[in-house]
Structure formats: structure tokens, C-alpha cells
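Student: No gaps in the numbering here: position 315 of the sequence shown is 301 in the numbering used here, and each next residue is one more. Note that the Cβ used here is the ideal one computed from N, Cα and C, for glycine as well. Structure below; questions to follow.
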Amino acid sequence: MILVYADHDRGELDPLALQVVSAARGLDADVHALIVGPNAEKCIDDLASAGVLTVHHGTNAAIDDYTPRANASAVVTVMDRLEPRAVLAAGTPRGSEVLAHVASIKDLPLVTECSEIALTGPGTAEVTRARWGGNLLERSEVSADVLLATAQAHAFAVSEDAGDAQVEAFDVPVTDADLEVSIVERTGAAETGVGLAEAKVVISGGRGMDGPEAFGMLEELADILGGAVGCSRVVTAAGWRPHAEQVGQTGTKVAPDLYIAFGISGATQHIAGCKSAKTLIAVNTDGQAPIMTHADYAVVDNLHTLLPVLIEKARAAQGA
């Protein structure tokens, strides 16, 4: 049996959770899902129709938002009862944090950002992980009674199969120590428009934007194309855009149909975040910028003169 820890944010299921369910179903075992906290009704419905056998819903009056140690306690409770062969979660900061607590509690190894997972025998598994921004694939054998692993974003396609699942609610045992860490404030991008992780079109800007003001053009183009705005790490470090928009190894990993990078040189950590795009277009005045070798289409031009033309053409095409 495989257990999937599915995260949600105030009732909105992490879009990567269904990818993790697909990864679990590929291991040829019964798949159970676990979700923790209030306002999870819609999430439970989504998981129940994703091909899992049972959805376990852990609740406690003390859990009113994301509390990593309490969520880990819920995972351990289900593990002790069902004795899964593996526990999987999305390779997000929250998924990784919860499984790190589980690893500490159960004294088990944790492997993160897996693009392939296979159970090779009793107490053994083989995982594949990207290294050096995706330039190297590392295949490792893991020896553990229970495999704890997080799945790399967009490495597993969501299964088209649907089904019905049982739902089992249980009380999560919570101690004061489990509640020592909790969310006290939320900051980030405005919660409007298309989410960066789910966007089919991503328009990103880097240092070549020359300041925060020019990002207004990216917002306009993204709005016309029904997409989201992203940026490089140097942009967030400069305070031009919020971290929620950062694409890369330490930001959001995206897999849109179209990714357009304006003024981004293409550091390894940024390429790691956008390499799953179906089509990558790079616009840069430097034809030798690293991102140009990764792009499907490389445009050597000044973005400040090109963007207004693109916006005009895109708007005209939408009105046609």
C-alpha cells in the first residue's frame, strides 16, 4: 500500500497532489491519500475521484491552518495503522517540510525531488533525481522499511482514470510542541488571475527589464494571453517582484505550453524551473546568453522595443 500526503491551502488542493497520486498508482499497489485540517471537503472530492482507494481526513480543533508538525503527526498516525510500503508527497516546501518531520519521528531516510520511483524489493527502492539544474540524472538505491519521498513537480502526468473512494475521518493526536510552528502572516502576489504553477502561458522577466516599472508590459502581455507573470531570482533579490513569482530551483517549477523569457540570462537554477515548458522563447540582447541554448526560439533584440510591438500584435490577434 502507498500513502500520499496531499497538501491544501485553505481548501484549495495543491495542484501537484494529483501528480503524486499518479506516481503512486504507477507502483502497482493500492493507493491511499491523506489530507489534514478544516475546509477540505472539495479536496476530498478531488482525491476521491483520482483513483485512490481511501481518503483519510485528519482533523483536530487545534489545527486551523498549516501546522507542519501536527500534519506530520497525522501522517505517522496513518502509517502506524496501515503500515504503507511508501509515503509520497509533492516536492514543494510544505510537502518536504512535513515529510522531513515524519522522517525524524520514524527515523527513516527521506529522498526529495524524485522524477522516477520504483519499489525494487522488500525494503528497497530505486529513485531518479535531477542534479545540477537538470544536467545530470542521479539514480540511487534506497534501503528502508518505508520509503519516504517527494515527487518532482511536473515529473508525473495526472492520470485520466477516475473512480470512487471511501472517506475515513480520524482525530489527529496533537501536542503543544506540534503547534509551536504555525502561519502568522501571509505575503506574496495578489490572489487574482492565473496561478504561476498552473498557467499554460508564463511571461518572465530578468535583470534585463532594468527595473520594476517595465514589468507592467509583462503583466499586460500575460493578461492578453491568459497567462501569469514570472521572474528570475535576481529580480526578487532586488525587490522588483515578490518571491511568489520566482521561477527556478528555489522558486516555482513550471511546465506551461509557452514560456517567454525577457532579459533572463539563464542561470542553471532558473533553467531547472522552466525546462519542462513545451515551448521556450528567449528574448535577450546577448545572443550568447546561456538561456539561448535551451530555447526553442531565440530572439536577439531589445525587449524594451520588442515588447510594445508584441503587445500590439497580441491584442490585435485576440480581437480578430
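Name the DSSP bridge partner or partners of residue 245?
Tutor: Here the question's residue 245 lines up with position 259 in the sequence shown. BP columns for residue 245 point to 188 and 266.
Student: Between the Cα of residue 221 and the Cα atoms of 155, 234, 86 and 211, which residue gives the shortest distance?
Tutor: Locating residue 221 in the sequence shown gives position 235, where the first residue counts as 1. The option with the nearest alpha carbon to residue 221 is 234.
Student: Is it right to say residue 27 is buried, meaning 16 or more other beta carbons lie within 10 angstroms of its own, or is it exposed?
Tutor: The residue you call residue 27 lines up with position 41 of the sequence shown. Under this definition residue 27 is an exposed residue.
Student: With distance defined between alpha-carbon atoms, name the residue in 134, 280, 154 and 184 nearest to residue -12.
Tutor: Reading the sequence shown from its first residue, position 2 is the one you call residue -12. That would be 134, whose Cα lies nearest to the Cα of residue -12.
Student: Would a C-beta distance cut-off of 8 Å place residue 211 and residue 293 closer than the cut-off?
Tutor: By 1-based counting over the sequence shown, the position of residue 211 is 225. By 1-based counting over the sequence shown, the position of residue 293 is 307. Cβ atoms of residue 211 and residue 293: not closer than 8 Å.
Student: Could you check which residue in 23, 125 and 50 has the C-alpha nearest to that of residue 364?
Tutor: No answer is possible for residue 364: the residues shown for the chain start at -13 and end at 306.
Student: What did DSSP end up calling residue 339 once you bin it into helix, strand or coil?
Tutor: Absent from the model: residue 339. The displayed extent of the chain is -13 to 306, so no value can be given.
Student: Please give me, in chain order, every unbroken run of the beta strand (DSSP E) with length at least 3 that falls completely inside the segment 67 to 145.
Tutor: Taking only runs of at least 3 residues, the beta strand (DSSP E) segments lying wholly in the segment 67 to 145 are 72 to 76, 96 to 107, 110 to 117, 122 to 129 and 133 to 137.
Student: Looking only at its chain, what residues have a beta carbon closer than 7 Å to the beta carbon of residue 0, apart from the 5 residues adjacent to it on each side?
Tutor: Along the sequence shown, read from residue 1 onward, the residue named residue 0 stands at position 14. Around residue 0: -8, -7, -6, 76 and 78.
Student: Counting C-beta neighbours from all protein chains within 10 Å, is the total for residue 122 16 or more, i.e. buried, or is it exposed?
Tutor: Residue numbering aside, residue 122 sits at position 136 when the sequence shown is read from its first letter. Result: exposed.
Student: Which first and last residues belong to the alpha helix (DSSP H) in which residue 279 is found?
Tutor: Taking the first residue of the sequence shown as 1, we reach residue 279 at position 293. 276 to 280 is the span of the alpha helix (DSSP H), which, as asked, contains residue 279.
Student: Per DSSP, what are the beta-bridge partners of residue 229 in this structure?
Tutor: On the sequence shown, residue 229 is found 243 positions in, with the first residue counted as 1. None, per the DSSP bridge assignment.
Student: Going by the DSSP bridge assignment, what does residue 22 pair with across the sheet?
Tutor: Start at 1 with the first residue of the sequence shown, and residue 22 comes out as number 36. Answer by DSSP bridge pairing, in chain order: 44.
Student: On the three-state DSSP scale, how would you describe residue 216?
Tutor: Locating residue 216 in the sequence shown gives position 230, where the first residue counts as 1. In this structure, residue 216 counts as strand in the three-state DSSP scheme.
Student: Find out if the Cβ-Cβ distance for the pair residue 263, residue 277 is shorter than 8 Å.
Tutor: As a working mapping, residue 263 is identified with position 277 in the sequence shown. As a working mapping, residue 277 is identified with position 291 in the sequence shown. The answer is no: Cβ separation not under 8 Å.
Student: Decide yes or no for the touch test of the segment 46 to 61 against the segment 80 to 87: beta carbon pairs closer than 8 Å, at least 3 of them.
Tutor: Counting Cβ pairs under 8 Å, three or more are found: they touch.
Student: Starting from residue -11, trace the beta strand (DSSP E) in both directions and tell me its first and last residue.
Tutor: Against the sequence shown, residue -11 aligns to sequence position 3. Residues -12 to -9.
Student: My understanding is that residue 246 touches residue 189, with C-beta atoms under 8 Å, so please give their C-beta distance in whole angstroms.
Tutor: Counting from 1 along the sequence shown, the entry for residue 246 is found at position 260. Counting from 1 along the sequence shown, the entry for residue 189 is found at position 203. Contact flag correct, Cβ pair sits at about 5 Å.
Student: Can you tell me whether DSSP reads residue 152 as helix, strand or coil?
Tutor: Stepping through the sequence shown from its first residue, residue 152 is reached at position 166. Residue 152: strand per DSSP, three-state reduction.
Student: Along the chain, where does the alpha helix (DSSP H) that runs through residue 295 open and close?
Tutor: On the sequence shown, position 309 is the one that residue 295 refers to. Per DSSP, residue 295 belongs to the alpha helix (DSSP H) from 289 to 305.
Student: Which of helix, strand or coil does DSSP assign to residue 158?
Tutor: In the sequence shown, counting from the first residue as 1, residue 158 sits at position 172. DSSP places residue 158 in coil when its eight states are reduced to three.
Student: Does the segment 96 to 111 touch the segment 149 to 165, meaning 3 or more C-beta pairs lie closer than 8 Å?
Tutor: No, they do not touch.
Student: If you count every other CB in all the chains shown that lies within 10 Å of the CB of residue 44, and 16 or more means buried, which is it?
Tutor: Along the sequence shown, read from residue 1 onward, the residue named residue 44 stands at position 58. The residue in question, residue 44, is buried, as its Cβ has 16 or more Cβ neighbours within 10 Å.
Student: By the three-class DSSP mapping on this structure, what secondary structure does residue 254 have?
Tutor: Against the sequence shown, residue 254 aligns to sequence position 268. Three-state DSSP puts residue 254 in a helix.
Student: Tell me whether residue 115 is buried or exposed, calling it buried when 16 or more other Cβ atoms sit within 10 Å of its Cβ.
Tutor: Here residue 115 refers to the residue found at position 129 of the sequence shown. It counts as buried.
Student: State the start and end residues of the unbroken alpha helix (DSSP H) segment that holds residue 284.
Tutor: As a first step, residue 284 must be located in the sequence shown, where it is residue number 298. Run containing residue 284: none in the alpha helix (DSSP H); it sits in the beta strand (DSSP E), 283 to 286.
Student: Considering residue 207, what are the terminal residues of the alpha helix (DSSP H) in which it resides?
Tutor: Your numbering for residue 207 matches position 221 in the sequence shown. Per DSSP, residue 207 belongs to the alpha helix (DSSP H) from 201 to 211.
Student: Which class does residue 222 belong to by DSSP, given the choice of helix, strand or coil?
Tutor: For the purposes of this step, residue 222 is taken as the residue at position 236 of the sequence shown. Helix.
Student: In whole angstroms, what is the alpha-carbon distance linking residue 270 and residue 48?
Tutor: Sequence index remark: in the sequence shown, residue 270 carries index 284 (1-based). Sequence index remark: in the sequence shown, residue 48 carries index 62 (1-based). Each residue's Cα considered, the two are about 51 Å apart.
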